[in-house]
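A.B. asks:
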Ligand SMILES: Cc1cc2nc3c(=O)[nH]c(=O)nc-3n(C[C@H](O)[C@H](O)[C@H](O)COP(=O)(O)OP(=O)(O)OC[C@H]3O[C@@H](n4cnc5c(N)ncnc54)[C@H](O)[C@@H]3O)c2cc1C
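This is the structure we're talking about:
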């Protein structure tokens with residue numbers, strides 16, 4: 241038997257890496273390792289997202305999302321400053337298209353204030369046009385603190401910090417089985433066994449499967465793919481920063497939006513369709529095992545019964561470009577189909593409970609010497625450094641680390 245780690249992190253996405261770094265900083269005496277199945281860290285959600293530094297307005301006051309997003313954004317900006325990662329606080333307009341959306345927009349403003357988000361202001365059509373000259377709408381909530389960043393730069397910086405300080409980040413190490421032997425957990429990977437006293441998993445799209453290697457998770461991941469279109473370079477003038485719809489409060493997704501990226505590109509999307517492969521980034525990707533697991537899950541069937549209309553509309557919009565464009569034109573009427581090119585996609589790991597409810601907040605389950613993060617959807621990239629602090633507190637008492 242080789243050496244035994246004190247704590248092993250399964251998953252080198254932004255949350256796993258941030259947590260490993262936080263633990264290493266707080267407890268430098270611990271022997272920590274990070275394992276990831278891919279050839280590079282951050283290959284999944286952490287590199288397939290909108291790149292928005294969320295301010296924290298959407299989330300239920302008092303929830304982990306609300307607390308950790310507001311705190312995490314400030315931490316992320318500090319981290320970016322310290323590590324020369326560019327980010328831009330470009331602000332966001334959340335646009336009400338008609339009077340019927342004003343109530344929900346007002347609720348959002350109130351929520352944002354309760355969450356401690358500064359600078360929120362309702363603006364009328366004239367001021368809206370000053371901020372986003374091409375946006376439609378009767379009224380908008382301006383969120384000046386929202387920013388944009390390339391989260392893959394954060395993943396690289398965290399990986400370098402860990403490796404530079406002697407914490408191994410081992411790629412090509414997919415954890416496929418966990419056995420317990422003499423008080424030590426033996427993680428089986430294609431690259432050999434890894435022995436650890438304590439285990440934390442932040443395995444994103446596979447988090448329920450990793451958890452089920454040594455416990456029985458109460459939720460299952462249902463993957464939702466989101467496709468983006470990109471604006472042709474000569475049409476990027478149509479969006480200066482971020483133009484968002486008023487979201488449906490019953491859904492965890494924010495609706496298709498225009499996002500200026502850190503590199504100057506403008507993306508429009510993502511929609512939300514059931515993914516036929518957890519790690520499938522094209523419309524034709526199909527993994528029969530993934531799909532069968534979703535369709536067999538009673539929680540998914542209940543969810544599908546509740547939202548089949550919304551789901552069908554999303555599938556239609558996904559397949560028919562003119563319908564996607566029509567949705568975008570509601571927010572930026574000047575945008576034309578020929579200015580939009582089919583772009584990248586991401587897959588969200590959304591935890592769904594047995595009763596069909598989509599788990600709204602960040603969610604972890606602990607069992608003995610393991611802690612599994614089972615729901616870390618948006619804004620978990622923004623909040624990752626604060627989630628790391630929260631997890632480090634959690635495991636300090638659970639694992640008696642201090
Ligand atoms: C389309 C989309 C748009 C989004 N937009 C935003 C946004 O604008 N702002 C924001 O804050 N958030 C956004 N998010 C959410 C954000 O990207 C995620 O919340 C965040 O990246 C989650 O990080 P993670 O480390 O938990 O998961 P991941 O990045 O998915 O990492 C999980 C890691 O676990 C590894 N793994 C899995 N199974 C195993 C195994 N068995 N053994 C070893 N390793 C394993 C995987 O290879 C992967 O690297 C978006 C997400 C999506 C999909």
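Residue numbers (our numbering): 241 to 642.
Even glycine gets a Cβ: it sits at the ideal position worked out from N, Cα and C.
Predicted model only: the values in this text are computed from it and were never measured.
1. Could you tell me if residue 705 is buried or exposed, where buried requires 16 or more neighbouring beta carbons within 10 angstroms of its beta carbon?
2. By how many angstroms is the C-alpha of residue 401 removed from the C-alpha of residue 261?
3. So who's on the other strand from residue 607, going by DSSP bridges?
4. Ordered along the chain, which non-local residues of its own chain (more than five positions away) have a Cβ less than 6 Å from that of residue 521?
5. Taking the alpha-carbon positions, what's the residue 430 to residue 421 distance?
6. In the structure shown, what three-state DSSP assignment does residue 425 receive?
7. Would the C-beta of residue 492 count as close to ligand 1, meaning under 6 Å from any of its heavy atoms?
8. Using the beta-carbon count (16 or more within 10 Å), is residue 436 buried or exposed?
9. Determine the contact status of residue 423 and residue 284, defining contact as a CB-CB distance below 7 Å.
10. Would you say the beta carbon of residue 231 comes nearer than 6 Å to a heavy atom of ligand 1?
11. Take residue 248 and list the residues in its own chain whose beta-carbon comes closer than 7 Å to its own, dropping the five residues that flank it on each side.
12. Can you list, in chain order, the residues of its chain with a C-beta nearer than 6 Å to that of residue 544? Leave out the 5 residues immediately preceding and following it.
13. Can you give the Cα-Cα distance for residue 382 and residue 572, rounded to whole angstroms?
14. For ligand 1, is there a heavy atom less than 6 Å away from the beta-carbon of residue 622?
15. Kindly confirm or deny that the segment 326–341 and the segment 368–381 touch, where touching means at least three C-beta pairs closer than 8 Å.
16. Can you find the residues in the same chain that come closer than 6 Å, C-beta to C-beta, to residue 513, ignoring five residues on each side of it along the sequence?
17. Heavy atom of ligand 1 less than 6 Å from the Cβ of residue 234, yes or no?
18. Is the Cβ-Cβ distance between residue 478 and residue 575 less than 7 Å?
19. By alpha-carbon positions, which one of 417, 256 and 297 ends up nearest to residue 360?
C.D. replies: Looking at the coordinates:
1. Absent from the model: residue 705. The displayed extent of the chain is 241 to 642, so no value can be given.
2. Rounded to whole angstroms, the gap between the alpha carbons of residue 261 and residue 401 is 8 Å.
3. DSSP lists 610 as partners of residue 607.
4. Around residue 521: 585.
5. Those two C-alpha atoms are separated by around 19 Å.
6. In the structure shown, residue 425 sits in a strand (DSSP, three-state: E or B).
7. If you check the C-beta of residue 492 against ligand 1, you find no heavy atom less than 6 Å away.
8. A buried status is given to residue 436, since no fewer than 16 other beta-carbon atoms sit within 10 Å of its beta-carbon.
9. No, the Cβ-Cβ distance between residue 423 and residue 284 is not below 7 Å.
10. Past the edges of the chain, shown from 241 to 642, lies residue 231, and the structure says nothing about it.
11. Closer than 7 Å at the Cβ level, and outside the excluded window around residue 248, lie 273, 275, 427, 434, 436 and 439.
12. Apart from sequence neighbours up to five positions away, no residue of its chain approaches residue 544 with a beta-carbon distance below 6 Å.
13. Answer to the nearest angstrom: the Cα atoms are 16 Å apart.
14. Relative to ligand 1, residue 622 has its C-beta within less than 6 Å of a heavy atom.
15. Yes, the segment 326–341 is in contact with the segment 368–381.
16. Excluding sequence neighbours, residue 513 sits near 465, 554, 555 and 558.
17. For the chain, the structure presents residues 241 to 642; residue 234 sits outside this window and is missing.
18. Going by C-beta atoms, residue 478 is nearer than 7 Å to residue 575.
19. The option with the nearest alpha carbon to residue 360 is 297.
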